[in-house]
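If you read the sequence shown in this note's numbering, its first letter stands for residue 196, the second for the next number, and so on.
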Amino acid sequence: MKNREHRIATSVLVIGAGGSGLRAAIELAERGVDALVVSKRAKSDAHTALAAGGINAALATMDRGDSWQQHAADTLKEGYLLSDPRTVRIVTEGAARGIADLERYGMPFAREDDGRISQRYFGAHTFRRTAFAGDYTGLEIQRTLVNRAAQLQVAILDNVYVTRLLVRDNVVFGAYGFDLEDGSRYIIHADAVILAAGGHTRIWRRTSSRRDENTGDAFRLAVEAGGRLRDAELVQFHPSGLLEPEDAAGTLVSEAARGEGGILRNALGERFMSRYDPERMELSTRDRVALACYTEIKEGRGTPDGGVWLDVSHLPRATIMRRLPRVYQTLLELQMLDITTTPIEIAPTAHYSMGGVWVRPEDHGTGVEGLYAIGEAASGLHGANRLGGNSLIELLVYGRIVGEAAAAYSAGRDSQQRSATALAKARDEVDQVLAAKGQENVRPLQRALRNVMTEHAGVVRDEAGLDSGLGKLAEIEAGLAEVGVHPDIASFQDLAHAFDLKASVVAARATLEAARARRETRGCHNRSDYPALDPSLGVNLVWSGPGQLAREPIPPVPEDIATLMHEVSAAGKLVE
Ligand SMILES: Cc1cc2nc3c(=O)[nH]c(=O)nc-3n(C[C@H](O)[C@H](O)[C@H](O)COP(=O)(O)OP(=O)(O)OC[C@H]3O[C@@H](n4cnc5c(N)ncnc54)[C@H](O)[C@@H]3O)c2cc1C
């Protein structure tokens, strides 16, 4: 089977079987358009399944004063004015329909006694507008979408890794990839391609993503196809990720642990939040708590392993069992640690890519004809800080819109030009990686890259650190040429790791270069050498390759929305 090349043709190819890819595929199927979804991991196990807290829409089921305009204002305010107001409008105005679609597919939302969808507070929202299903909202959404896709007989190819998009004269005509189990190749011809392959948070040492996901694949695929990246430097860090075990480093300890009364201490036993936010202490906002933990560790008051302590052991055991069962279970499973008696060692963890592939607000077209991007792979909604619960709704809203746009694009094609040269290039690339007999192993290089990003582009950055990070990245890029790949009879995972690394290196360079150019502190992006917000940097930084960074102006916030923007207290409204 090894050298077999499958040839498939479809109208629309969707790369990624998370919430965004599945929602787009459902839209296509409901419109009678032929679609194929491919994903490098099992469809039931996309990253979307990890989402816990909830999904936003101004349904006003709990607070009658809520409106999409207020949701838009809260989103723009939280994004420090780097979101595109047109994108924000599309998502917030379309959110109720996104929820209705999920209901139609059978999503088991939590409900009030009278049948209304329950909604709760999430940080920095003016009203209760987050719908949920226990603390397994993402898992339920993923299940619901997988079931709906199955009803519509959407074709899904699990375990197929896409290595390159096929493009001729700035028009996409498909993608190339390989089967992770038997190494056979796939040439997939398509009128349109939707990139729904997630973000790049796995390029940090600690991340809430799991191994081998969010490695920046969407970023590399888009850039090599002629697309661009917007604000790759804008990455949200969550305050509490686990340190151990190494292969699960960064796994989230829910913010509910602080919400229920958990206390943060440094290695000296000091309750350090009194230095950073004496009023709200541990209930301060996510970015402040992350910055506080980071500062304690950086200034030498952290644990020997580079963490701080999160302690809930003073809480009654019954409270922990009732209110924090998942945290209790996770720590037992991963560390054999009983949180009812012992503090948890934590450190900030990379959690969400606010930046991503540059897309048009109206249809998420990338500028490469026929190529669209959605979900965490895309950009434009979250600016410099994501409002909790907004990413899941983005998947639903733009999944539908992009499915519709790709369907129309496919229907409007009179003919399609392919390119044997582009195909040969894609094939040669995989052949070359397989044939390389270099001495470098992929895993150590991945680890080195994650160390560089953690040390030089973590919660706080500065020019000297970013320059030094770019220097070290160049060494890793050189090492990449020396990689030897060793697929075995069991799988072609090693080949996948090599391509993961290729993608991560592109994502890292875009991030470091944009972080260096953003000489200000704004939202998630802290520059110790530029501690203030610079109004002249109220722009998006658009990266199209090494050393190529352009400033792009952002349209003004419409007057009616601007009047609704106000400071919203996040106290007591912790989120994931
Ligand atoms: C712990 C946690 C909690 C969260 N909680 C919330 C929450 O409460 N509310 C909220 O709004 N958001 C939350 N988020 C964020 C949200 O879950 C994600 O942003 C969202 O699910 C991303 O969905 P997606 O469809 O863009 O991509 P993903 O779900 O990441 O799917 C990406 C898909 O692309 C495939 N893929 C990637 N590369 C390739 C390749 N080269 N070839 C083929 N396939 C590829 C993968 O296999 C996968 O199927 C949370 C995130 C985490 C980690």
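Backbone N, C-alpha and C define an ideal beta-carbon position, used for all residues, glycine too.
Between the alpha carbons of L566 and L360, how many angstroms are there, rounded? What you label residue 566 is simply residue 371 of the sequence shown in a count that begins at 1. What you label residue 360 is simply residue 165 of the sequence shown in a count that begins at 1. Between L566 and L360, the alpha-carbon positions lie close to 9 Å from each other.
Does ligand 1 have a heavy atom nearer than 6 Å to the CB of S574? Your numbering for residue 574 matches position 379 in the sequence shown. It does not: the Cβ of S574 is nowhere closer than 6 Å to a heavy atom of ligand 1.
Collapsed DSSP secondary structure at G213 in the structure displayed: Here residue 213 refers to the residue found at position 18 of the sequence shown. Coil.
R406: buried (16+ other C-beta within 10 angstroms of its C-beta) or exposed? Your numbering for residue 406 matches position 211 in the sequence shown. Exposed, because fewer than 16 other Cβ atoms sit within 10 Å of the Cβ of R406.
Give the DSSP bridge partners of H761, in chain order. As a working mapping, residue 761 is identified with position 566 in the sequence shown. H761 pairs with nothing; no bridge assigned.
A252 - containing alpha helix (DSSP H), residue span: Your numbering for residue 252 matches position 57 in the sequence shown. Boundaries cannot be given for A252, as no alpha helix (DSSP H) includes it and DSSP labels it neither H nor E.
Can you say whether R292 is buried or exposed, counting buried as having 16 or more other CB atoms within 10 angstroms of its CB? Within the sequence shown, residue 292 is the residue found at index 97, counting from 1. The residue in question, R292, is exposed, as its Cβ has fewer than 16 Cβ neighbours within 10 Å.
T706 versus R656 - alpha carbon distance: Taking the first residue of the sequence shown as 1, we reach residue 706 at position 511. Taking the first residue of the sequence shown as 1, we reach residue 656 at position 461. C-alpha separation (whole angstroms): 12 Å.
With respect to 6 Å, is the separation between the Cβ of D412 and the closest non-hydrogen atom of ligand 1 below this value? Stepping through the sequence shown from its first residue, residue 412 is reached at position 217. Checking every heavy atom of ligand 1 against the Cβ of D412, one is found closer than 6 Å.
Contact between the stretch 545-558 and the stretch 254-261: three or more CB pairs below 8 Å? no
Local Cβ density within 10 Å of H651, reported as buried at 16 or more and exposed below that: On the sequence shown, position 456 is the one that residue 651 refers to. Label assigned to H651: buried.
Distance, Cα to Cα, K667 vs V647? Along the sequence shown, one-based indexing puts residue 667 at 472. Along the sequence shown, one-based indexing puts residue 647 at 452. Answer to the nearest angstrom: the Cα atoms are 7 Å apart.
Can you pull the DSSP bridge partners for L360? Position 165 of the sequence shown, counted from the start, is the residue given in the question as residue 360. L360 pairs with A370.
Proximity winner among I382, R311, A693, A385, relative to E677 (alpha-carbon distances): Indexing the sequence shown from 1 puts residue 677 at position 482. Closest option to E677, Cα to Cα, is A693.
Given a threshold of 16 other Cβ atoms within 10 Å of its Cβ, counted over all protein chains shown, does G570 qualify as buried or as exposed? Sequence index remark: in the sequence shown, residue 570 carries index 375 (1-based). A residue is called buried once 16 or more other Cβ atoms fall within 10 Å of its Cβ, and G570 is buried on that count.
Report yes if the C-beta of H509 is less than 6 Å from at least one heavy atom of ligand 1; otherwise report no. In the sequence shown, residue 509 corresponds to position 314, counting from 1. Checking the Cβ of H509 against ligand 1 gives no.
Which complete alpha helix (DSSP H) runs does the stretch 434-494 hold, if anything under 4 residues is left out? 451-454, 468-471, 481-491
Keeping to the same chain, check which residues put their C-beta closer than 7 Å to that of M196; ignore five residues upstream and five downstream. Numbered from 1 along the sequence shown, position 1 holds the residue referred to as residue 196. With a pLDDT of 46 at M196, under the threshold of 50, the predicted position of this residue should be treated as unreliable, though the coordinate-derived value follows. Within the same chain, M196 has close Cβ partners D377, S379.
Indicate, with yes or no, if ligand 1 has a heavy atom lying under 6 Å from the CB of I210. Counted from its first residue, the sequence shown places residue 210 at position 15. Yes - ligand 1 has a heavy atom lying nearer than 6 Å to the Cβ of I210.
Ordered along the chain, which non-local residues of its own chain (more than five positions away) have a Cβ less than 8 Å from that of N585? For the purposes of this step, residue 585 is identified with residue 390 of the sequence shown, where counting begins at 1. Counting only Cβ-Cβ distances below 8 Å, and skipping sequence neighbours, we find N251, T270, V286, L576, H577.
Option in R202, L208, R199 with minimal Cα separation from G598: Position 403 of the sequence shown, counting from 1, holds the residue named residue 598. For the residues R202, L208, R199, the minimum Cα distance to G598 belongs to L208.
Tell me the DSSP secondary structure of Y300 in three-state form. The sequence position of residue 300 within the sequence shown is 105, counting from 1. Here Y300 sits in helix by DSSP.
Using a threshold of 6 Å, is the CB atom of G607 nearer than that to any non-hydrogen atom of ligand 1? For the purposes of this step, residue 607 is identified with residue 412 of the sequence shown, where counting begins at 1. Checking every heavy atom of ligand 1 against the Cβ of G607, none is found closer than 6 Å.
For S720: DSSP bridge partner residues: For this step, residue 720 is matched to residue 525 along the sequence shown. Checking the sequence, you will find His at residue 720 rather than Ser. DSSP output for H720 lists R717 as bridge partner(s).
Leaving aside the five residues before and after N721 along the sequence, list all residues of the same chain whose C-beta is less than 7 Å from its C-beta, in chain order. Reading the sequence shown from its first residue, position 526 is the one you call residue 721. Once the five neighbours on either side are set aside, the close Cβ partners of N721 are L486, V654, V655, R656.
Report yes if the CB atom of V737 is closer than 7 Å to the CB atom of R425, and no otherwise. If you number the sequence shown from 1, residue 737 lands on position 542. If you number the sequence shown from 1, residue 425 lands on position 230. Contact flag set, yes.
What is the rounded straight-line gap between the Cα of T758 and the Cα of D229? Position 563 of the sequence shown, counted from the first residue, corresponds to residue 758. Position 34 of the sequence shown, counted from the first residue, corresponds to residue 229. T758 and D229: Cα-Cα distance of roughly 45 Å.
L732 and A579 look like a contact to me (Cβ under 8 Å); what is the Cβ gap, rounded to whole Å? One-based indexing of the sequence shown puts residue 732 at position 537. One-based indexing of the sequence shown puts residue 579 at position 384. With a Cβ gap of about 10 Å, L732 and A579 do not count as contacting.
Can you check DSSP and say which residues form a bridge with E747? As a first step, residue 747 is located in the sequence shown; it is residue number 552 there, counting from the start. Beta-bridge annotation (DSSP): E747 is paired with N735.
Using the Cα positions of N354 and T649, report the straight-line distance between them to the nearest angstrom. Walking along the sequence shown from the start, residue 354 turns up at place 159. Walking along the sequence shown from the start, residue 649 turns up at place 454. If you take the alpha carbons of N354 and T649, they lie about 29 Å apart.
Quick one: does the C-beta of G248 sit closer than 6 Å to a heavy atom of ligand 1? On the sequence shown, residue 248 is found 53 positions in, with the first residue counted as 1. For ligand 1, at least one heavy atom lies less than 6 Å from the Cβ of G248.
Cβ-Cβ distance between D427 and M760 below 7 Å: Walking along the sequence shown from the start, residue 427 turns up at place 232. Walking along the sequence shown from the start, residue 760 turns up at place 565. The residue asked about is misnamed: residue 427 is Ala in this sequence, not Asp. Not closer than 7 Å, so no.
Continuous alpha helix (DSSP H) stretch holding L529: start and end: Position 334 of the sequence shown, counting from 1, holds the residue named residue 529. Its alpha helix (DSSP H) spans residues 520-530.
I'd like the list of long-range same chain contacts for A387, defined as Cβ closer than 6 Å, with 5 residues on each side in sequence excluded. In the sequence shown, the residue the question calls residue 387 occupies position 192. Within the same chain, A387 has close Cβ partners V207, G565, A601, Y604, S605.
Return yes when at least one heavy atom of ligand 1 lies under 6 Å from the C-beta of H559, else no. Here residue 559 refers to the residue found at position 364 when the sequence shown is read from its first residue. It does not: the Cβ of H559 is nowhere closer than 6 Å to a heavy atom of ligand 1.
Is A420 near ligand 1, going by C-beta to nearest heavy atom under 6 Å? Counting from 1 along the sequence shown, the entry for residue 420 is found at position 225. Checking every heavy atom of ligand 1 against the Cβ of A420, none is found closer than 6 Å.
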